[in-house]
Structure formats: structure tokens, C-alpha cells
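Start counting the sequence shown at 185; every next residue gets the next number (this note's numbering).
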Amino acid sequence: MKKRMSRKILLAVVLVLALLIAAASFVITGWINREEEERSYELLSEETERLAGEIRTEIRGDTENLRMLAAVIAAEDTDLTSPEVRSLLGAYSTLGMISRVELLLPDDTVVTKSGQSDASGVLSFSEEAAKGVHVSRRETDPDNGGKYILRSYVPVEKDGETVAMLYGVIEPGTLPGEMAAEPYGGEAAVYIIEGQTGDFLVDTWHNEAGGNIWALGERKMAPGYNHEQLKAGMTEGKTGYVVFVSDTTGEYLYFYYEPVGINDWQLALSVPEKVVFENAERIRLGMNLYLVFETVCFVIGVLWIFRYMRMKKMFQWLWRELHVSLRRNQYPCG
Numbered sequence: 185m186k187k188r189m190s191r192k193i194l195l196a197v198v199l200v201l202a203l204l205i206a207a208a209s210f211v212i213t214g215w216i217n218r219e220e221e222e223r224s225y226e227l228l229s230e231e232t233e234r235l236a237g238e239i240r241t242e243i244r245g246d247t248e249n250l251r252m253l254a255a256v257i258a259a260e261d262t263d264l265t266s267p268e269v270r271s272l273l274g275a276y277s278t279l280g281m282i283s284r285v286e287l288l289l290p291d292d293t294v295v296t297k298s299g300q301s302d303a304s305g306v307l308s309f310s311e312e313a314a315k316g317v318h319v320s321r322r323e324t325d326p327d328n329g330g331k332y333i334l335r336s337y338v339p340v341e342k343d344g345e346t347v348a349m350l351y352g353v354i355e356p357g358t359l360p361g362e363m364a365a366e367p368y369g370g371e372a373a374v375y376i377i378e379g380q381t382g383d384f385l386v387d388t389w390h391n392e393a394g395g396n397i398w399a400l401g402e403r404k405m406a407p408g409y410n411h412e413q414l415k416a417g418m419t420e421g422k423t424g425y426v427v428f429v430s431d432t433t434g435e436y437l438y439f440y441y442e443p444v445g446i447n448d449w450q451l452a453l454s455v456p457e458k459v460v461f462e463n464a465e466r467i468r469l470g471m472n473l474y475l476v477f478e479t480v481c482f483v484i485g486v487l488w489i490f491r492y493m494r495m496k497k498m499f500q501w502l503w504r505e506l507h508v509s510l511r512r513n514q515y516p517c518g
């Protein structure tokens with residue numbers, strides 16, 4: 185009876201311990217997940233801000249280079265279609281992120297390093313001149329198979345009058361390669377999106393030219409997030425953070441976005457859930473192994489105690505029997 189009771193006590197102790205360990209594991213796992221998600225938000229924020237700063241620096245540096253070239257062209261006492269001007273355009277064919285430099289004249293003629301062409305219906309000098317220094321929206325390049333490009337414009341001025349618009353052609357797909365930063369150790373996808381249109385300037389996740397974030401359709405959002413929150417944040421130029429299911433991989437993507445400070449560009453980074461919680465998984469695994477080890481040690485200890493108690497009782501019984509036997513031998517019956 186006592187033996188059965190001892191087993192029940194041992195089983196109850198082990199069961200209670202297992203429940204306590206499971207509860208502790210659940211609580212700690214939830215805490216780790218919250219901490220890692222908060223850490224992910226902070227890291228994405230830092231990486232996005234740093235990358236946005238690099239983009240601003242590159243674009244502004246290119247603009248300053250174009251300004252200097254525009255001043256040199258304006259100082260040339262020659263026709264803007266002359267070989268001298270075309271030679272200057274060729275000499276500055278690569279400036280930072282710019283792949284080539286061209287000149288838009290008031291009659292909508294485009295002067296390149298190799299000649300000139302009529303851009304009527306494609307480019308408008310009056311429209312671009314009215315905007316002054318600016319970067320265009322995503323456009324197609326008729327001279328390069330309709331490839332998507334950006335044009336960075338600065339005016340060429342003589343005697344206070346804009347006589348031409350100098351522009352550098354930027355190929356959006358080359359932007360990530362120009363950045364020194366590798367967000368999340370290269371694990372994050374980079375997007376540059378025009379806030380009002382949703383057009384992708386850069387999309388390293390899908391690795392496709394062009395595309396539109398809204399044309400991809402609504403994503404299944406994680407609890408606490410919604411599509412309207414994302415769309416409002418992007419179109420209104422706000423900073424935000426959402427978690428949604430990727431149609432490509434089927435796993436959650438942690439998506440952070442903020443304004444670049446150029447046009448209505450929004451820079452966004454996305455990181456797969458497995459990357460976000462990679463550190464948490466290692467912590468959980470170590471914690472669970474420790475708890476299992478601790479449980480095994482506890483059970484072994486309890487078993488040893490019960491075994492010790494049984495052995496002690498057995499030795500006590502043997503001692504009593506020996507004592508009784510000795511007494512009988514000492515005082516034999518007559």
C-alpha cells in the first residue's frame with residue numbers, strides 16, 4: 185500500500201513539474217517572440233533610414249555634378265548641338281548612378297554624345313523646365329527597348345533664361361548595387377516605390393522590371409494589421425510597419441517603409457519571418473534543452489531519494505531481524 189502511494193506521489197510530482205515547465209516555456213516563448221519582433225522593428229527602422237540616407241546622398245551628389253556640367257555648357261560660346269557640347273556629354277557619361285547625360289532643347293530636340301533626335305511627344309521642354317531641378321517619375325526609354333528609367337533634370341541657364349534642360353539617365357534597377365549597406369546582412373529585400381502610383385522603381389524580392397505594388401493585389405495580413413493601413417501609409421508618405429503573408433513563399437514577411445525625401449518615393453525593406461526569429465529559435469532551443477536537462481536531473485534525484493528511503497527501510501528491517509536473532513541465540517530456551 186505504501187509502495188503504491190509512493191509511486192503516486194512521484195507521478196504527481198513529475199506531472200506538476202512538467203506542467204510548470206510547459207507553462208514557463210509558453211510564457212518565455214511569448215516574451216522572446218515579442219522582444220524579437222520589437223528588435224526586428226528597430227533594426228528594420230535603422231537599416232531603412234540608413235539606406236534612405238545613402239540614396240539621398242547619391243541623388244543629391246548626382247544633381248550637384250549635373251549643375252556643374254550645366255554651368256560648363258552654359259559657358260560654352262557655341263551652339264548647344266555642336267560637337268564640343270556633345271563631347272562634354274560623352275565625357276560625363278557616367279556620374280554616380282547616372283548612366284548617360286543628355287540635353288533637352290526648347291524645340292523638344294534631345295542632344296546626345298552621338299548626335300540628336302526629335303523627342304516630341306515623349307519629352308516636353310516646357311513641362312520639364314517649369315519644374316526646375318527635379319527627378320522624373322518612372323518613365324520608359326524609347327532608345328533602349330522601353331526599359332524603365334528615371335531622369336534627373338537641372339536647367340542650363342544663360343542670362344537668366346533657361347536655354348536647355350540637362351538630364352542624367354538613372355536605371356532604377358542599378359540602385360541597390362550602388363548602395364554600400366546590405367540590410368539584415370543581405371537577407372532583406374529592398375523596394376523603392378512611388379507613393380502616389382504604387383509603381384516599383386526597385387523590387388529585389390520579385391526581381392522583375394517595373395511592376396506595381398497595388399497591382400499585386402491585397403496580401404493576407406497578420407492579426408493586428410490591414411491592407412488599408414499599408415496603402416494609406418504608402419500614399420500619404422508616412423512611416424509604417426506591417427506583417428503579411430508572401431504569395432511567393434507562403435510565409436510571413438515583416439515589411440517596414442518610410443519616405444526617402446525625394447519626390448514621393450517610399451523606401452521599404454522586407455524580411456522573412458524565419459530570419460526575424462532566427463535568434464529567438466536558437467534561444468528557445470537552448471532554453472528547452474536546459475529545461476529538459478533540469479527535469480531529467482530532478483526525476484533522477486526524486487528516484488534516488490525514493491530508492492534511498494527504501495534501502496534505509498530495508499536496512500532497518502535487517503538490523504531488527506539481526507538484533508532479534510542475536511537475542512534469541514544469547515538466551516536460548518531451556
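In this text, a Cβ means the ideal position worked out from N, Cα and C, and glycines have one as well.
Predicted model, so just to flag it, every value in this text is computed and none were measured.
Assign residue 518 to one of three DSSP states: helix, strand, or coil.
Low local confidence applies: a pLDDT of 49 at residue 518 is under 50, so the model's placement there is unreliable, and no value is given.
Could you give the DSSP three-state label for residue 449: helix, strand or coil?
In this structure, residue 449 counts as strand in the three-state DSSP scheme.
Quick check on residue 338: buried or exposed, where buried means 16 or more other Cβ atoms within 10 Å of its Cβ?
Residue 338 is buried by the Cβ-count criterion.
In chain order, what residues of the same chain have a beta carbon less than 7 Å from the beta carbon of residue 430, not counting five sequence neighbours either side?
Excluding residues within five positions, the ones whose Cβ falls inside 7 Å are 437.
Compute the beta-carbon to beta-carbon distance between residue 253 and residue 294, rounded to the nearest angstrom, for a pair I have assumed lies under 8 Å.
With 8 Å as the limit, residue 253 and residue 294 do not qualify as a contact, their Cβ atoms being about 16 Å apart.
Alpha carbons only, please: which of 348, 444, 449 and 249 is nearest the one belonging to residue 397?
The shortest C-alpha separation from residue 397 is found at 449.
What residues are listed by DSSP as bridge partners for residue 350?
According to DSSP, residue 350 bridges with 287 and 338.
Anyone know if the C-beta pair for residue 355 and residue 347 falls short of 9 Å?
Going by C-beta atoms, residue 355 is not nearer than 9 Å to residue 347.
List the whole-angstrom C-beta distance separating residue 414 from residue 232, where the pair is believed to meet the contact cut-off of C-beta under 8 Å.
The Cβ separation is near 15 Å, so there is no contact.
Given this structure, state the Cα-to-Cα distance separating residue 349 from residue 269, to the nearest angstrom.
Taking the straight line joining both Cα atoms gives about 13 Å.
Could you compute how far the alpha carbon of residue 441 sits from the alpha carbon of residue 476?
Computed Cα separation, rounded: 41 Å.
So for residue 304, helix, strand or coil by DSSP?
Residue state, collapsed to three classes: coil.
Under the DSSP definition of a beta bridge, which residues are partnered with residue 411?
Answer is none; residue 411 lacks a bridge partner.
DSSP state of residue 266, grouped into three classes?
In this structure, residue 266 counts as coil in the three-state DSSP scheme.
Anyone know if the C-beta pair for residue 375 and residue 357 falls short of 9 Å?
For residue 375 and residue 357, no; Cβs fall outside 9 Å.
Evaluate residue 310 with the Cβ neighbour count: other Cβ atoms within 10 Å of its Cβ, from every protein chain shown; 16 or more gives buried, anything less gives exposed.
So residue 310 ends up on the exposed side.
Kindly indicate the opening and closing residues of the alpha helix (DSSP H) around residue 460.
Looking at the DSSP string, the run of the alpha helix (DSSP H) that includes residue 460 is 457-460.
Pick from 302, 433, 317 and 244: whose alpha carbon is nearest that of residue 327?
Comparing Cα positions, the closest option is 302.
For residue 262, count the other beta carbons within 10 Å of its own beta carbon; 16 or more makes it buried, fewer makes it exposed. Which is it?
Exposed is the call here.
Measure the CB-CB distance between residue 334 and residue 317 and report whether it falls below 9 Å.
It is not a contact, given that the beta carbons lie outside the stated cut-off.
Since residue 373 is in the beta strand (DSSP E), which residue starts that stretch and which ends it?
That run of the beta strand (DSSP E) goes 373-378.
Output yes or no for whether 9 Å exceeds the beta carbon distance between residue 435 and residue 457.
In contact: residue 435 and residue 457 (Cβ atoms closer than 9 Å).
Mind checking residue 344: buried by the 16 CB within 10 Å criterion, or exposed?
Exposed, because fewer than 16 other Cβ atoms sit within 10 Å of the Cβ of residue 344.
Buried or exposed: residue 210, going by 16 or more other Cβ atoms within 10 Å of its Cβ?
So residue 210 counts as exposed.
For residue 276, which of helix, strand or coil comes out of DSSP?
The answer is coil: DSSP assigns residue 276 none of H, G, I, E or B.
Note down the Cα distance separating residue 223 from residue 368, rounded to an integer number of angstroms.
Roughly 12 Å between the two C-alpha positions.
Quick check on DSSP: helix, strand or coil for residue 226?
Three-state result, residue 226: helix.
Which residues does DSSP pair with residue 282 in a beta bridge?
Paired residues: 279 and 354.
Would you mind sorting residue 484 into buried or exposed? The rule is 16 or more other CB atoms within 10 Å of its CB.
Classification for residue 484: exposed.
Give me, in chain order, the residues of the same chain whose beta-carbon lies closer than 6 Å to that of residue 243; leave out the 5 immediate sequence neighbours on both sides.
The answer, listed in chain order, is 446.
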